[in-house]
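Engineer: Take a look at this one; I'll ask things after.
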Amino acid sequence: MTKLSKNIQDCLDVLTPLLTQSRLEKFERVLEKRTRHVVMVLEDVYQSRNASAVMRSADGLGIQDVHMIESYNVWSKNQSVSKGASRWLTLHRHLDAADPHAAAIAKLRARGYRIVATSPH
Numbered sequence: 007m008t009k010l011s012k013n014i015q016d017c018l019d020v021l022t023p024l025l026t027q028s029r030l031e032k033f034e035r036v037l038e039k040r041t042r043h044v045v046m047v048l049e050d051v052y053q054s055r056n057a058s059a060v061m062r063s064a065d066g067l068g069i070q071d072v073h074m075i076e077s078y079n080v081w082s083k084n085q086s087v088s089k090g091a092s093r094w095l096t097l098h099r100h101l102d103a104a105d106p107h108a109a110a111i112a113k114l115r116a117r118g119y120r121i122v123a124t125s126p127h
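Numbering of the sequence shown is given in this note's numbering, commencing with residue 7 and proceeding in unit increments.
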């Protein structure tokens, strides 16, 4: 099985006693199909609800990792939009470096990712 983040493992630990064996097996099958070959990176999202909507999309597409670059705008969870998707994703927040953009891109390149970008501008 894919190495799970502590948050996901904590959720499963709480849910396991409440689930039937077939339901637990379904959870495990879904989690095994998640990918780490593609990640989503969000940069300075002004409205947290937009980032939460992207997280819901990532969850639906089976993308495990979402990176948040926060130079000017700090993300806060919007539960009504994300519908709990952030609990099942591994979130990487880049906000501590002097240049969080460069630091995040360098980390992703070091892990072998090819960087592809899009912008609404």
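We treat Cβ as the ideally placed atom computed from N, Cα and C, and that holds for glycine.
According to the neighbour-count rule (16 or more other Cβ atoms, all chains shown, within 10 Å of its Cβ), is PRO23 buried or exposed?
Structural biologist: For this step, residue 23 is matched to residue 17 along the sequence shown. Counting Cβ neighbours within 10 Å, PRO23 comes out exposed, since fewer than 16 surround it.
Engineer: Return the chain-ordered list of same chain residues with a C-beta closer than 7 Å to the C-beta of VAL60, the five sequence neighbours on each side being excluded.
Structural biologist: Taking the sequence shown and counting its residues from 1, the one referred to as residue 60 is at position 54. Answer for VAL60: MET46, LEU48, listed in chain order.
Engineer: For a quick check, are the C-beta atoms of ASP50 and GLU34 less than 8 Å apart?
Structural biologist: In the sequence shown, counting from the first residue as 1, residue 50 sits at position 44. In the sequence shown, counting from the first residue as 1, residue 34 sits at position 28. No; because the gap between Cβ atoms is not below 8 Å, this pair is not in contact.
Engineer: Pick out whichever of LEU67, MET74, ARG42 has its Cα sitting closest to the Cα of ARG117.
Structural biologist: The residue you call residue 117 lines up with position 111 of the sequence shown. Minimum Cα distance to ARG117 is reached at ARG42.
Engineer: What three-state label does DSSP hand SER125 in the structure shown?
Structural biologist: Residue mapping note: residue 125 aligns to position 119 of the sequence shown, counting from 1. Coil at SER125, not helix or strand.
Engineer: Please state the DSSP three-state secondary structure of THR26.
Structural biologist: Stepping through the sequence shown from its first residue, residue 26 is reached at position 20. Three-state DSSP puts THR26 in coil, outside helix and strand.
Engineer: If you reduce the DSSP assignment to three classes, tell me which class HIS73 lands in.
Structural biologist: Position 67 of the sequence shown, counting from 1, holds the residue named residue 73. Note: HIS73 maps to strand in three-state DSSP.
Engineer: Quick check on PRO126: buried or exposed, where buried means 16 or more other Cβ atoms within 10 Å of its Cβ?
Structural biologist: Start at 1 with the first residue of the sequence shown, and residue 126 comes out as number 120. It counts as exposed.
Engineer: Within 10 Å of its beta-carbon, does ASP105 have 16 or more other beta-carbons around it, so buried, or fewer, so exposed?
Structural biologist: As a working note, residue 105 is residue 99 in the sequence shown. Burial call: exposed.
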